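Novice:
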Amino acid sequence: MSDTMNRVLVAAGLAFVIGAAAWLEFLGIHGVYWLCIIVGLAMIGEFAYCLWNAPRAVMFNVKNLGLFGLFLGLLGVDFASLLTLGHRPMLLLFVLCVICAADVCAWLFGRIIGGDKLWERISEHKTWAGQIFGVIGGTVVAVLYGYLTLGAFAPQLLWIGISVSLLSQYGDLTASFVKRRLKIKDFSHVLGAHGGIIDRMDGWIYVLPLIWMILA
């Protein structure tokens, strides 16, 4: 099976899982909440597994220990955020749409336009053009989502779209930096060509705590 076909099939599977959770919500069952719990625990478990299998020279580096501790703590905060936001499926759907749009636009326009690298030492494929169009794409989707659900233009969604899009990309960069320090390409291969759970969810890393604090 080609890498492209593998990515398509896994993406379709992920879409099915999200759709099933949304259908359970429609039936009065908290599918999104339980999916959030599973994903949150899976991210923490996946990173713990990476640490367990890391070379001793990597693990016993003082700087690495501090970084890994902070990242594990951040994943813990994300899990706590998911426990709260899991009861707000429409809010999570909004954030998911914005992050996916930012991710896709950053990848697509980054490949089409190219140009200067955003932070080549951490991620050799990310460009400034990709980041700019990622923010634009995420913001457009945020405004469209508001228009479809509220029936009117909501100006505040411009700032929310920009913030979520930017934070999602910096979450991706943070995860890439941690992988560089661990000397791995992906956190796992549970999602095939997509990598691990954290590889797919790294855009949430900073977004979830921010939304949790705003709601609090």
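The sequence shown begins at 1354 in this note's numbering and counts up by one. Yeah, the Cβ is synthetic: ideal placement off N, Cα and C, and Gly gets one too. All figures in this text were calculated on a predicted structure; none of them were measured in a lab.
#1: Please report the straight-line C-alpha distance between K1536 and F1506, rounded to a whole angstrom.
#2: Below 7 Å CB to CB, which residues in the same chain sit around Q1522 once its five sequence neighbours on both sides are set aside?
#3: Should G1366 be labelled buried (16 or more other beta-carbon atoms within 10 Å of its own) or exposed?
#4: What is the residue span of the alpha helix (DSSP H) that N1406 lies within?
#5: For F1540 versus I1558, is the C-beta distance shorter than 7 Å?
#6: Rounded C-beta distance between G1524 and G1556? I'm assuming under 8 Å.
#7: If V1451 sits next to V1517, beta carbons under 8 Å apart, how far is it from one beta carbon to the other, in whole angstroms?
#8: Output the boundary residues of the alpha helix (DSSP H) element that contains L1535.
#9: Could you check the C-alpha separation between I1391 and V1494 for me, to the nearest Å?
#10: For the 8 Å Cβ check, are there 3 or more pairs between the region 1413-1420 and the region 1380-1395?
#11: Which residues mark the beginning and the end of the alpha helix (DSSP H) in which I1550 is found?
#12: Leaving out the 5 sequence neighbours to the left and right, which residues in its chain are closer than 7 Å to L1428 when beta-carbon positions are compared?
#13: Just to confirm my understanding: we take A1407, look at its own chain, exclude 5 residues before and 5 after, and list those with CB closer than 7 Å. What are they?
#14: What would DSSP say about R1441, mapped onto helix, strand or coil?
#15: Could you work out which residue in F1447, G1439, G1422 is closest to L1497 when comparing CA atoms only?
Specialist: The answer reads as follows:
#1: 46 Å
#2: A1455, A1459, Q1484, G1487
#3: exposed
#4: 1384-1406
#5: no
#6: 5 Å
#7: 5 Å
#8: 1509-1535
#9: 27 Å
#10: no
#11: 1550-1554
#12: M1396, I1397, F1400
#13: So the list reads L1535, once near-sequence residues are dropped.
#14: coil
#15: F1447
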